[in-house]
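With the working numbering applied, the sequence shown covers 30 to 354. For reference, the structure is listed below as structure tokens.
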Amino acid sequence: MLTIQTQSEKDRASAIRTIDSEINALEELKKTLSLECLSSALDLMQNAKGRIIITGMGKSGHIGRKIAASLASTGTPSFFVHPAEASHGDLGMITEDDVVIAISNSGESRELIDILNYCKRFGITIIAVTKNPQSSLGKAGDVILSLPNNGEACPLGLAPTSSTTATLVLGDILTVGLIERKGFSKEDFNDRHPGGKLGSILKHVHDLMHTGEEMPILEENSNMQAVLLEMTSKRLGCVGFINQEGILTGILTDGDLRRCLSGDILNAKAKDLMTRNPKTISPDSMTAEALKLMHDKKITNLFVIENNKPVGVIHIHDLLNNGVA
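Rendered as structure tokens:
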């Protein structure tokens, strides 16, 4: 009986073939990547007095731009130079202190010739990324990082697919290697990502917390009338309480007040109703940590303390309104 595939089935089969082909390329990269060459490339990049220059034509160039961006955002000064533009003046961007990473699947991109000649003339180090070590690029490289040579996912075997995936991963290997070698931290990352979602997540609590007159704070012996007025005027849904030494001893939230409402509540003292030893956070903690703590403990406020004394308070709305979620 003849079985006719639907278009959906054909699309699924094509997708699986593509995924398998790209996985195979990465498995081949895993097996064939020279650890000696990798370490040599990382040594050159880490010790470069100048910048890391990435260059490549076509799809290799697109991947090169991503690698340059990843390196620059993680503490390694880097930028992309287009080979064609290099031949018309942009060679001046490359100095003798730089390290050039030249990418070409075949290793025979004609547009790279001027850059390679320039680097050789001025003694500029070249890291060659190619599947053909015997190519012009391979022979020009001081270090060669070989790409897997097991074909493309493209059914024509022409469009760069598996090879660009392998190149992208190789760029990530270099980026992660330098992050680990340099001890690049979250704080360093935050300095380079002040905007957008990452910038919000990587902010510190002290960037968003309420301080000074905005902070709802009373002495623990305060009466409940004062507590209600403080909570209402500061509009953060809580009041923190301190002892005579200024140390935070407890907290009352609007939810706590609703749960303990009674006819004689106004005659009570804050210390009789407050929750002692409340959850707190330091001003240097990341806002993502504050959000996680609030989520895990099912609370909406955190007092920010230094040496057990309150210096601010942060509300979950402060985090959500600033994109920390």
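Where is the CB? At the ideal position from N, CA and C, for every residue including glycine.
With 16 other Cβ atoms within 10 Å as the buried cut-off, status of residue i
i, result
"Gly241", "exposed"
"Phe151", "exposed"
"Asn76", "exposed"
"Val110", "buried"
"Gly136", "buried"
"Pro184", "exposed"
"Arg80", "buried"
"Pro245", "buried"
"Ala319", "buried"
"Thr316", "buried"
"Ile343", "buried"
"Leu187", "exposed"
"Asn134", "buried"
"Thr282", "buried"
"Gly200", "buried"
Three-state secondary structure assigned by DSSP to residue i
i, result
"Cys267", "strand"
"Asn350", "helix"
"Ile123", "coil"
"Val129", "strand"
"Arg150", "helix"
"Ile33", "coil"
"Glu374", "Since the first residue shown for the chain is 30 and the last is 354, residue 374 is missing from the structure and cannot be characterised."
"Gly167", "helix"
"Glu335", "strand"
"Glu181", "coil"
"Glu248", "strand"
"Thr304", "strand"
"Thr309", "strand"
Limits of the unbroken alpha helix (DSSP H) element including residue i
i, result
"Ile52", "Gln36 to Thr61"
"Ser175", "Element bounds for Ser175: not the alpha helix (DSSP H) but the beta strand (DSSP E), Val172 to Ser175."
"Ala297", "Element bounds for Ala297: n/a, residue is neither H nor E."
"Lys326", "Thr316 to Lys326"
"Glu209", "Ser191 to Lys211"
"Ser116", "Note, Ser116: premise wrong, no alpha helix (DSSP H); not H, not E."
"Ala188", "Ala188 -> no alpha helix (DSSP H), and no H or E assigned at all."
"Ile280", "Run containing Ile280: none in the alpha helix (DSSP H); it sits in the beta strand (DSSP E), Leu277 to Thr282."
"Glu65", "Leu64 to Gln75"
"His239", "Per DSSP, His239 belongs to no alpha helix (DSSP H) and is neither H nor E."
Own chain partners of residue i with C-beta closer than 8 Å, once the 5 adjacent residues on each side are dropped
i, result
"Gly279", "Glu249, Gly269, Phe270, Ala299, Lys300, Met303, Thr304, Arg305, Asn306 and Pro307"
"Ile208", "Thr103 and Gly104"
"Pro312", "His233, Val234, His235, Met238, Val333, Glu335, Val340 and Gly341"
"Asp143", "Pro112, Ala115, Ser116 and Leu120"
"Val198", "Leu55 and Leu58"
Contacts around residue i, its chain only, beta-carbon distance under 7 Å, and the 5 residues preceding and following it disregarded
i, result
"Asn337", "Ile276 and Leu277"
"Met323", "Thr329, Leu331 and Ile345"
"Asp153", "Position check: residue 153 holds Ile in this sequence, whereas Asp was assumed. Cβ within range, chain order: Ile123, Glu125, Asp127 and Val129."
"Lys2", "Here the chain has residues from 30 to 354 only, and residue 2 is not among them."
"Pro162", "Ile173 and Ser175"
"Ala70", "Ile156, Val172, Leu174 and Leu203"
"Asp325", "none"
Opening and closing residue of the beta strand (DSSP E) in which residue i lies
i, result
"Thr159", "Thr154 to Thr159"
"Ala341", "Inspection of the sequence shows that residue 341 is occupied by Gly rather than by Ala. Segment Lys338 to His344, the beta strand (DSSP E) holding Gly341."
"Ser107", "Ser107 to Phe109"
"Gly85", "Ile81 to Gly85"
6 Å CB neighbourhood of residue i in its chain, flanking five on each side removed
i, result
"Met253", "Ile294, Leu295 and Ala297"
"Tyr147", "Leu120"
"Thr84", "Val110, Pro112, Ala131 and Ile144"
### At least 3 beta-carbon pairs within less than 8 Å: the stretch 147 to 163 vs the stretch 31 to 43
With a cut-off of 8 Å, the stretch 31 to 43 and the stretch 147 to 163 do not count as touching, because too few Cβ pairs lie within range.
### Query
Do the stretch 198 to 208 and the stretch 61 to 79 meet, that is, are 3 or more Cβ pairs less than 8 Å apart?
At 8 Å Cβ cutoff, the stretches touch.
### Message
Contact between the stretch 119 to 129 and the stretch 88 to 96 is defined here as three or more beta-carbon pairs at a separation below 8 Å; is this criterion met?
### Response
No, because fewer than three Cβ pairs between the stretch 119 to 129 and the stretch 88 to 96 fall closer than 8 Å, the two stretches do not touch.
### Message
With a threshold of 8 Å, are at least 3 pairs of Cβ atoms found where one atom belongs to the stretch 189 to 198 and the other to the stretch 172 to 180?
### Response
Judged by Cβ distances under 8 Å, the stretch 189 to 198 makes contact with the stretch 172 to 180, as three or more pairs qualify.
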